[in-house]
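Have a look at the structure below before the remarks.
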Amino acid sequence: MIQKIIHLIIPVMCSLNCVPQPAGQILPDPVVPGTQGCLESEFIFSPEHPPTPECHASTITEIPGGRAVAWFGGSREGQPDVEIWFSRNRGGEWSEPVPVADGIQGDSLRYPCWNPVLWQQGEGPLILFYKVGPNPREWWGEKKISTDGGISWSPPANLGHGRLGALIGPVKNKPVMSGDSLLICPSSTERIEDGEVFWKVHFELTRDQGKSWEVIGPINNGTAFDAIQPALLMYRDGSMQALCRTRQEVVAQSWSSDGGRSWSKMSATSLPNPNAGIDGVTLRDGRLLLVYNHSGGGSREPGRGILVAAISQDGHLWKPVMTLENKRGEYSYPAVIQAADGLVHITYTYDRRSIKHVVVDPGAL
518 MIQKIIHLII PVMCSLNCVP QPAGQILPDP VVPGTQGCLE SEFIFSPEHP PTPECHASTI
578 TEIPGGRAVA WFGGSREGQP DVEIWFSRNR GGEWSEPVPV ADGIQGDSLR YPCWNPVLWQ
638 QGEGPLILFY KVGPNPREWW GEKKISTDGG ISWSPPANLG HGRLGALIGP VKNKPVMSGD
698 SLLICPSSTE RIEDGEVFWK VHFELTRDQG KSWEVIGPIN NGTAFDAIQP ALLMYRDGSM
758 QALCRTRQEV VAQSWSSDGG RSWSKMSATS LPNPNAGIDG VTLRDGRLLL VYNHSGGGSR
818 EPGRGILVAA ISQDGHLWKP VMTLENKRGE YSYPAVIQAA DGLVHITYTY DRRSIKHVVV
878 DPGAL
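Here you go:
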C-alpha cells in the first residue's frame, strides 16, 4: 500500500540524534508540516515496505493533472539489478511504484541504471532521461518518452556521442528552457586521466527533445574544483548561475551572461557541501531557492544528515529558511520544482529506504 506519513511530533533540537553542524551556523528547527511554510510531508512509498532494498536520486516534474516522480532502486547502488522506478500522483495519492527502465543489454549482460531526470514542457511528451553503465566513468545517456503521463513508455533510445564522448543529457538535475525551444541540460563527467579522477562540468543543449545535441564546456579543469551535477538558476536579466557539488567541501558556482555559451571561472560559495547532490529553482518572484546538505565532510553519515532549504535574492548571499532533516542517516539528492499553482515541491532520498516529498508555500519563506 502507498503510505502517507505526516510528521506530527515537533523534533527536539540538540538531542543526541542531531547531526553536528558547521561552527557559527544557526539553522531553523526541523520543520513540522503546518509551520514555516511547510504544507505537507509524505513518503512516496513506505520505508517499512519498499519495492527495493535501496533507492536513491529522485526527480520530480509536473504532469497534466498532477506530478510524477522517478528514482533508481535495486539491491544496492551500482548493482546490475538497479532499475528506474516511477510513481505519479493524480488526485492525492501516489501510485504503486513500477520499474520503467533497466540496463539489460542481452541475455547475459546487464548494467545498473542511474540518476533519472523527468522533464515535461507544457503539452509536450513526458521525457525520462537516465544513465546506463557499470559506473559513472563509463555510463551513457538514454531516454524514454511517454505521451500518457507515464502510463506507457517508448523503447529506450541511446542519446549518442558528442565532443566529450557519450552524451549524458541532464546528469542529475532538471534542464532549463531558454527561449521557445532550447533545452539546456546541466551535465558533468567523472573521468580518469593519468591515473587520477577528474570531475568536470559541461552542458548539453537540444532543440528537438534529445534527437540532436550541442555540447558546451567543460567549464572547469577538475583541479581547483572537482565539480559535478550542476543546478541551473535563471535570472531576470538573462544571466544564469550554475551551482555544483564538489569534493572541496563547498558548493561551487559559475556564471553565464550569454545564454550559457560561456561561463566564468568556477569559485566557492559560502555554502558547505559534503560531496552531495544539490538542486534549486528560480521562483516566480525572482528569489532563488536551493536545497542542499548543510555540512562538510565527505561521508554519507553524518555529512548527509542535515538537509536545508535556503533563499537568496542575488545568488551570492544565502539564508537558511527551512531544515528538512537533521538526524543520523542519509537525507540527500534533492530535486526541486515550482508548480503552476506556485507551490514548491521537493523530493529527496530518505535514508536510502524511501523517497520523501515535501510541499512548501514559498510566500511564507
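Every number in this note's numbering is 517 more than the matching position in the sequence shown, counting from 1.
Don't be surprised by glycine CBs; every beta carbon is placed ideally from N, CA and C.
One Cα belongs to GLU713, the other to GLY739, and the distance between them is close to 10 Å. In this structure, ILE745 is the residue among GLY777, THR864, ILE745 with its C-alpha nearest to the C-alpha of GLU766. Across the structure, VAL853 and ASP725 are spaced so that their CA atoms are roughly 24 Å apart. Judged by beta-carbon spacing, GLY820 lies beyond the 8 Å limit of ALA856, meaning their Cβ atoms are not closer than that value. ALA585 carries a strand assignment under DSSP once its states are collapsed to helix, strand and coil.
Rounded to whole angstroms, the separation of the alpha carbons of ASP711 and GLY641 is 44 Å. Assignment of beta strand (DSSP E) within the region 691-736, counting only whole runs of 3 or more residues, yields 693-695, 699-710, 713-723, 731-733 in chain order. Listed in chain order, the non-local C-beta contacts of GLU557 below 8 Å within the same chain comprise ILE523, PRO550, HIS874, VAL875, VAL876, local neighbours out to five positions each way being set aside. Between the alpha carbons of ALA574 and THR864 lies a distance of about 9 Å. Between TRP835 and GLY590, the alpha-carbon positions lie close to 33 Å from each other.
Check the Cα spacing between TYR628 and each of TYR647, GLU610, VAL615: the tightest is with TYR647. Taking each of ILE580, PRO673, PRO567, TRP631 in turn and checking the Cα distance to VAL615, the smallest one comes out for PRO567. Around ASP796, the same chain offers ASN690, ALA748, VAL808, PRO851, ALA852, VAL853 as residues with beta carbons nearer than 7 Å, after the five sequence neighbours per side are excluded.
The Cβ atoms of GLY859 and GLU842 do not sit closer than 8 Å to each other. TYR647 has GLU659 as its beta-bridge partners, per DSSP. In the DSSP annotation of this structure, the continuous segment of the beta strand (DSSP E) that includes GLU557 starts and ends at 555-560. Within the same chain, Cβ atoms closer than 8 Å to the Cβ of MET783 are found at VAL718, ILE736, ASN737, ALA741, PHE742, ALA744, CYS761, ALA769, GLN770, SER771, the five residues on either side in sequence being excluded. Ranked by how close their Cα comes to the Cα of SER787, the residues SER829, THR799, SER779 have SER829 in first place. With 16 or more other CB atoms across the displayed protein chains lying within 10 angstroms of its CB, GLN758 is buried.
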